[in-house]
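**Student:** Structure below; questions to follow.
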Amino acid sequence: MSFDQDFETAFGEASGATFGEPMDYAGPGGAPVVLAVPVILDDTTEPLDAGSGFGAMRAPRRTGTAFRKPFLAAGVEPVKGGTFTRSSGAVLTLSEAPTGPDSVGQYSFDFGA
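Each residue of the sequence shown is one higher than the one before, starting from 6 at the first, in this note's numbering.
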């Protein structure tokens, strides 16, 4: 195995269990489904250009990451328009196609605002 594969194997599950929130993924239209994907969320803001002299505005942005292992096990690729459902019932929709998986097996998600 390569270092990246070793890293994904050793760190992926521990990272998700420690920092992730288990969410159920469903593709657009509700299928296919992957249960209990540990997603690490990041709520940030990004600057918006209000024009010179008008000051800076900031917009909320929610992103997340997850290792590919649960998707591989289910034979599913996450796609734009797919949804993640939190245990509270809140639904996060992928506003863009996910990037990845990167060299250590992580997808990056953009849930928009």
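In this text, a Cβ means the ideal position worked out from N, Cα and C, and glycines have one as well. It should be emphasised that the depicted structure is a prediction, and the values quoted were computed from it without experimental measurement.
Does DSSP put G34 in a helix, a strand or coil?
**Tutor:** Position 29 of the sequence shown, counting from 1, holds the residue named residue 34. Of the three classes helix, strand and coil, the one that applies to G34 here is helix, per DSSP.
**Student:** Have a look at S93, G105, P52, E82 and flag the residue whose alpha-carbon is nearest the alpha-carbon of A31.
**Tutor:** Locating residue 31 in the sequence shown gives position 26, counting from the first residue. Among S93, G105, P52, E82, the Cα nearest to that of A31 is on E82.
**Student:** Does DSSP put A78 in a helix, in a strand, or in coil?
**Tutor:** In the sequence shown, the residue the question calls residue 78 occupies position 73. Looking at A78 - three-state DSSP - the assignment turns out to be helix.
**Student:** Could you check how far apart the C-beta atoms of S100 and T68 are, in whole angstroms? I think they sit under 8 Å.
**Tutor:** One-based indexing of the sequence shown puts residue 100 at position 95. One-based indexing of the sequence shown puts residue 68 at position 63. About 10 Å separates the two Cβ atoms, so there is no contact after all.
**Student:** Distance, Cα to Cα, V38 vs R73?
**Tutor:** Here residue 38 is taken as the residue at index 33 of the sequence shown, counted from 1. Here residue 73 is taken as the residue at index 68 of the sequence shown, counted from 1. Between V38 and R73, the C-alpha separation is close to 14 Å.
**Student:** DSSP puts R67 in a beta bridge; with which residues?
**Tutor:** Stepping through the sequence shown from its first residue, residue 67 is reached at position 62. Note: R67 sits in a beta bridge opposite D48, G117.
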